[in-house]
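2 protein chains.
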Amino acid sequence: MEPRYVQVNARDNVAIIVNPEGLAAGVAFPSGLALREAVPQAHKVSLRDLEAGECIVRYGEVIGRANRAIPAGFWVREDMLDLPAAPPLDELPLATNVPAPQPALHGYTFDGYCNDDGSVGTKNLLGIATTVQCVAPTVEYAVRRIQAELLPRYPNVDGVVAITHTYGCGVAIDAPGAAVPVQTLRHISLHANLAGLPLVVSLGCEKMQPARLFSSDLPVLGDGPAVIRMQDEELRGFGNIIGAIMRAAEQRLEELNRRRRQTVPASELVVGLQCGGSDAFSGVTCNPAVGYAADLLVRAGATVMFSEVTEVRDAVHLLTPRCATEEVGRALVREMRWYDEYLGRGHADRSANPTPGNKRGGLANVVEKALGSVAKAGSSALAAVASHGEKVMAKGLVFAATPAGDFVCGTQQLASMNMHVFTTGEGSPYGLAMVPVVKVSSRTSLAERWYDLIDVDAGRIATGEATIQDVGRELFQFLLDAASGRRKTWTDHWGLHNALAPFNPGPVT
Amino acid sequence: MEPRYVQVNARDNVAIIVNPEGLAAGVAFPSGLALREAVPQAHKVSLRDLEAGECIVRYGEVIGRANRAIPAGFWVREDMLDLPAAPPLDELPLATNVPAPQPALHGYTFDGYCNDDGSVGTKNLLGIATTVQCVAPTVEYAVRRIQAELLPRYPNVDGVVAITHTYGCGVAIDAPGAAVPVQTLRHISLHANLAGLPLVVSLGCEKMQPARLFSSDLPVLGDGPAVIRMQDEELRGFGNIIGAIMRAAEQRLEELNRRRRQTVPASELVVGLQCGGSDAFSGVTCNPAVGYAADLLVRAGATVMFSEVTEVRDAVHLLTPRCATEEVGRALVREMRWYDEYLGRGHADRSANPTPGNKRGGLANVVEKALGSVAKAGSSALAAVASHGEKVMAKGLVFAATPAGDFVCGTQQLASMNMHVFTTGEGSPYGLAMVPVVKVSSRTSLAERWYDLIDVDAGRIATGEATIQDVGRELFQFLLDAASGRRKTWTDHWGLHNALAPFNPGPVT
């Protein structure tokens, strides 16, 4: 490959190296720039002489100030940048530059499972919700037996999922933060891919009683609540408990097995976007391609969620003008402020992000990471904002507040989504049992190395082999195919399914 | 059964009903007391007329004040008691009444696995530690293959354990609270039952890098660190990653398979005590029996830990005089204060405990629960106090600070213990993969109903069929047998093993 760098914006005074092995000192680019020292792939090179104190600009935005003079052609390392202040939350322009709707897309469909509440599932799963971690091993024992003994007789059912977690007791369940995990687990338990009706296994003495988990309306199976309570007097011994779960499972499997996929418009997709193990390419390749797919989804009438407060915080000034209304803008600011305060209470701040891997992948600080992260949001107006634990019901582009950690963010997005897109630069084997997770790599070298874990390679954008639009359209089609069960993601192929990790900002007792 | 109640202390003005079906109005006890209304099992009856504002006394301690007049023979319900203030932390007597050592017990032994660091294992397990939740499904996939393909060839190895958790990234890893989960996971990863040497699976980009998890000294297998890093350049594809784990596992299994149990003194036991799903019997039957076993263990030179700050807080005035030194007393007070402040930051307090099940089981409030809980600590001097995440190294009776939630407490105790005792009134199927968990019931009715989940029935103490000492000795012998692999706990029989839940008082990002 010829020496190649990517400069995102004409105003940028740094660019990132494309060549997989990095480039050596002395190498000259077609632009005339020559490297004065070796620079690894994805890391930044100075495009011109930078003075100490000068702003370092990428994505057309200030990502830091040079804390020393950096002549042209040098490797701009993270320790050469001072972190700028985050955008002040009181001075943001709200709904001042709302993008006009792009032309609607018609005729795109997928084959999903239509539910009574109007939602559409992308899988047909038996779900077993739990109220407390105490019962998790019992439910997992039952799941193994259901898989071995019952599922083979119900070929139209895609699988059985234990909705286990480390919440439910030993928590301050009336404290302000408790509503977040309770609501998250409620929405996951009533998920579209379970036809909105799980079996429920409760211990009996736990703080998160079934009536609290479901806000009083318990799921009903046959003549009564679909709840097995282990401490019930009539359940004598473990064998009896497992027998009760198996009988309820069989009854529910009979119902689920009668379901068939139906063709529905693409507007029934609720797609959660997330990045994990990001690198300096993420904001140039996979995230913009996902952003283009997000625009296509919005044009088709679907819901697209992006999240991760700490990876949006430093780019929030780019989003508040795009909010559909001032009210949406204020909601976005509210979520940023909540998280600033939450981190402050724990004696942390936004500089706790990025990770060692992000830095190895060329990301100098959280500002550079955030500017790349929000590229996932495409170019549509921001239609709505949801708080932690709230179920997203709006159509269009939605910011759903979550922490940025992959499994915590994924758990919260799962409460609303029926498809998941996950972009990665360093590589992550992350997956979820309840929805297909489509993996998009930022670099071709990762897609080649993890050929049986990465679904879509956006690295071709950096090498010039494909455009952002090409990869965006490919991803859009992949989503329709995977949502229809026609195409399997790699994590579903291997059965790599991460445990749920509900966000609990409240204390444990 | 004749009408029967248990009055713990001569000063008590309430007692709890023993009869499994409860007792009806009009029933008279041998003492002459007659019930004025029906009272369920485990719930409190007033032994004499109580005036409004009068102290209600159980265990010889004030558990609340009557907020109305309660004549003799009435059911004393939780809503009739006002919660008293917690013991003020600045005025506690420290080391003022240190119990003299009881006679040493000699000649008690068990058959364990002797480790290089001097610790003794009670199981011989292959452990696979993880640095971040992203890799958990990959490790679980490998574990299934190891179980199916490798373990049958290594009959002296008891099993393979994936040390998975929801920590490792998306956390403020430099915040003050982060040391707790990192240290907890370090000690669990280096556990005596893994011969102190796990394999380690790391993603590569995570915040909790292997060097941070292990505080620099990585476990060594053969010629190099026992670390498989999924993002390493030489690992091409998922099959390759699994292959690398399988090869390392085989190498480690060869070593583990050569180990044999050796007879060691009972002083090598490190026993964690915990209660979960407690009821009003817990403080009368199972917890005192466990306390007697704790005394035997201390006399035999072993380590016994009790924990659960919020269930000790209201009885701390009974413990500070028993501290071996004033320094130990100050450490105990320090842990109580830390938790008071932690709860306060989350806008909660000690009244977040007890649970709905505790209340159904007759516990009116956290004071009554705590007074019953600390009975587990027996009557020895308190030799040492350990903070959250700290490994317990002292011999004798130790308070190891943990939250009270079962799986969180169990995870923190696991960092130090090689045997676990779990008392329960309402019933819990809780278990751990890495150490045997001996279940002790507070009532015979639970032991009968859950005949294949409860190991030891302490309910016989309430009915008069056994003494506290009888059950304590039975438990002591059970511990020696289970630690030797001669006797299997019910949770190990069924394979009921709860996921780890490290306590993370720091924020997630």
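In order, the protein sequence lines correspond to chains F and B. Per our numbering, the very first residue in the first sequence carries number 1; after that it's consecutive. Per our numbering, the very first residue in the second sequence carries number 1; after that it's consecutive. Ideal placement from N, C-alpha and C gives every residue a C-beta, glycine not left out.
Residues bridged to residue i [DSSP beta-bridge criterion]
| i | result |
| --- | --- |
| S441(B) | T424(B) and D457(B) |
| P245(B) | Position check: residue 245(B) holds Ile in this sequence, whereas Pro was assumed. Bridge partners of I245(B): none, in fact. |
| C275(B) | T423(B) |
| C323(F) | L382(F) |
| L221(F) | G224(F) |
| W75(B) | V45(B) |
| L197(F) | DSSP, once it has assigned bridges, lists no residue as partnering L197(F). |
| G396(F) | T303(F) |
| L81(B) | A66(B) |
| C55(F) | R65(F) |
Start and end residues, alpha helix (DSSP H) containing residue i
| i | result |
| --- | --- |
| D406(B) | D406 to L414 |
| G357(F) | P356 to R360 |
| K369(B) | V366 to S373 |
| A293(F) | C286 to R299 |
| I188(B) | A179 to S189 |
| A15(B) | Counting along the chain, A15(B) falls outside any alpha helix (DSSP H), though it belongs to the beta strand (DSSP E) covering V14 to I17. |
| A136(B) | A136 to R145 |
| D492(B) | W490 to W494 |
Cross-chain neighbours of residue i in chain F, by beta carbon under 7 Å
| i | result |
| --- | --- |
| S428(B) | C134 and L203 |
| W494(B) | Y141 and F238 |
| Q231(B) | E426 and G427 |
| H347(B) | A175 and P176 |
| R337(B) | Per Cβ cutoff of 7 Å: no residues; R337(B) is ~15 Å from chain F at best. |
Residue i - containing beta strand (DSSP E), residue span
| i | result |
| --- | --- |
| A66(B) | E61 to A66 |
| Y113(B) | T109 to C114 |
| G472(B) | Looking at the DSSP string, G472(B) is not in any beta strand (DSSP E); the run it does join, the alpha helix (DSSP H), is I468 to A483. |
| P265(F) | Q262 to P265 |
| G159(F) | G159 to I163 |
| T130(B) | L125 to T130 |
| L213(B) | Premise fails: L213(B) lies in the alpha helix (DSSP H), P210 to L213, not in any beta strand (DSSP E). |
| T303(F) | T303 to F306 |
| I173(F) | Taken as a continuous stretch (DSSP letters only), I173(F) belongs to no beta strand (DSSP E), as it is neither H nor E. |
Within 7 Å, strictly: CB atoms of residue i and residue j
| i | j | result |
| --- | --- | --- |
| E311(F) | K369(F) | yes |
| N13(B) | G60(B) | no |
| E254(B) | V120(B) | no |
| C286(F) | G277(B) | no |
| K391(B) | A364(B) | no |
| M393(B) | V271(B) | no |
| V201(F) | I242(F) | no |
| S282(B) | G372(B) | yes |
| V437(B) | A458(B) | no |
| G362(F) | D232(F) | no |
| V316(F) | P93(F) | no |
Backbone CA spacing between residue i and residue j [nearest angstrom]
| i | j | result |
| --- | --- | --- |
| G222(F) | R252(F) | 9 Å |
| P103(F) | L296(F) | 10 Å |
| P403(F) | T509(B) | 5 Å |
| T166(B) | W450(F) | 24 Å |
| E448(B) | Q477(F) | 58 Å |
| F306(B) | T491(B) | 21 Å |
| G196(B) | S387(B) | 22 Å |
| A483(F) | V160(B) | 36 Å |
| I63(F) | T355(B) | 49 Å |
| C409(F) | D481(B) | 45 Å |
| A244(F) | M230(F) | 10 Å |
| R486(B) | L479(B) | 10 Å |
| L47(F) | G73(F) | 6 Å |
Chain B contact residues for residue i, given Cβ-Cβ distances below 9 Å
| i | result |
| --- | --- |
| V161(F) | Neighbours of V161(F) on chain B: none; closest Cβ ~13 Å, over 9 Å. |
Neighbour list for residue i in chain A, Cβ cutoff strictly below 8 Å
| i | result |
| --- | --- |
| Y451(F) | No chain A appears in this structure, whose protein chains are F and B. |
Listed by chain order, chain B residues near residue i by CB distance under 8 Å
| i | result |
| --- | --- |
| G357(F) | L203, G204, C205, E206 and Q231 |
| N19(F) | The contacting residues do not exist; N19(F) stays about 15 Å from chain B at best. |
Residues that residue i contacts on chain F, provided the C-beta gap is smaller than 8 Å
| i | result |
| --- | --- |
| N498(B) | Q133, C134, A136 and P137 |
| N353(B) | T509 |
Chain B contact residues for residue i, given Cβ-Cβ distances below 7 Å
| i | result |
| --- | --- |
| Q209(F) | P356 |
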